[in-house]
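Trainee: Have a look at this one before I ask anything.
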Amino acid sequence: MNLPTPPQAHTERKALVLFSGGQDSTACLAWALNRYAAVETLGFDYGQRHRVELECRQTVRRELAAQFPAWAAKLGEDHVLDLSLLSQISSTALTEDRAIEMQANGLPNTFVPGRNLLFLTFAATLAYRRGASVLVGGMCETDYSGYPDCRDNTLKALQVALSLGLDTPMTLETPLMFITKAQTWALTESLGGAALNELVVEHTHTCYLGERSQRHAWGYGCGSCPACELRARGHDEFLALKAGA
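Just so we're aligned: the sequence shown equals residues 11 to 255 in our numbering.
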């Protein structure tokens, strides 16, 4: 599998990771802690239906610090921003109690228009104040739901706009952009071994419905929403690839 190569030497730059407490953002946090000298995290409360992720993200941070002392020394402050405005201007299955379904435009109704654009703009503003020049996000256009604000071209354009608007270079890193969910499992294993993958299974949250009463081999969730299906399929493929290695 072709994976982002963990660097041998740490850069002295400071990074801000968009950290939801899900599998992808946890993989990105581990990736950033392995790469940068200092890392802070940022979460968003936007009235999401699966707001249990806001609790999970604190558990994940604590477990990462406890199990990986070298990373703990670099893990800095956590920030949470109130973006409840998003739920006021959006009518989606992520911000309302409604069935998840496809829309006429070919996108699932879990798409929150402008979400990542706003997230990254606020993240860049915070990074500027905190002395960070790198933003790290779990956006991916390989195994994903088709959200246009997760695509590489969108992020490249936004990196240019943010750097110009702040009059300082701002790098947007998306280590998962071109890898599958199976490769994401492999990436976390390469960064933190089986212990990190077990942490992902036990403590992260991805399910769109906020379900944490059902425990599967890949983690907690309803097992049927698009996020759960992607995570489960990726886990199965990861185990199959490991078995065939």
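For every residue, glycine included, the Cβ atom is placed at its ideal position computed from N, Cα and C. These figures come from a predicted structure and were not determined experimentally.
Could you have a look at alanine 103 and say whether DSSP puts it in helix, strand or coil?
Mentor: With a pLDDT of only 47 at alanine 103, under 50, the local geometry of the prediction cannot be trusted, and the value read off the model is given with reservation. Residue state, collapsed to three classes: coil.
Trainee: Put leucine 333 into one of helix, strand or coil per three-state DSSP.
Mentor: For the chain, the structure presents residues 11 to 255; residue 333 sits outside this window and is missing.
Trainee: Which two residues bound the contiguous beta strand (DSSP E) that contains arginine 23?
Mentor: 21 to 28 is the extent of the beta strand (DSSP E) around arginine 23.
Trainee: Applying the 10 Å Cβ sphere with the 16-neighbour rule, what's the burial state of alanine 103?
Mentor: Summary for alanine 103: the model assigns pLDDT 47, below 50, so the residue's position carries little reliability; its value from the coordinates is reported in the next sentence. Answer is buried; the Cβ neighbour count reaches 16.
Trainee: Can you find at least 3 beta carbon pairs, one from the segment 157 to 175 and one from the segment 121 to 138, that sit closer than 8 angstroms?
Mentor: Result yes; three or more Cβ-Cβ pairs closer than 8 angstroms.
Trainee: For a test of the three-state rule: what should DSSP assign to tyrosine 46, helix, strand or coil?
Mentor: It is a strand residue.
Trainee: Assuming histidine 247 and alanine 192 make a contact with CB atoms under 8 angstroms, what is their CB distance in whole Å?
Mentor: Inspection of the sequence shows that residue 247 is occupied by glutamate rather than by histidine. Contact flag correct, Cβ pair sits at about 4 angstroms.
Trainee: Rounded to the nearest angstrom, what separates leucine 251 and leucine 176 at their Cα positions?
Mentor: When rounded, the distance between both Cα atoms is 44 angstroms.
Trainee: Under the DSSP definition of a beta bridge, which residues are partnered with threonine 51?
Mentor: Per DSSP, Val27, Asp88.
Trainee: For threonine 36 and valine 210, which I take to be in contact (beta-carbon distance under 8 angstroms), what is that distance rounded to the nearest angstrom?
Mentor: Their Cβ separation, rounded to whole angstroms, is 6 angstroms, which keeps threonine 36 and valine 210 in contact under 8 angstroms.
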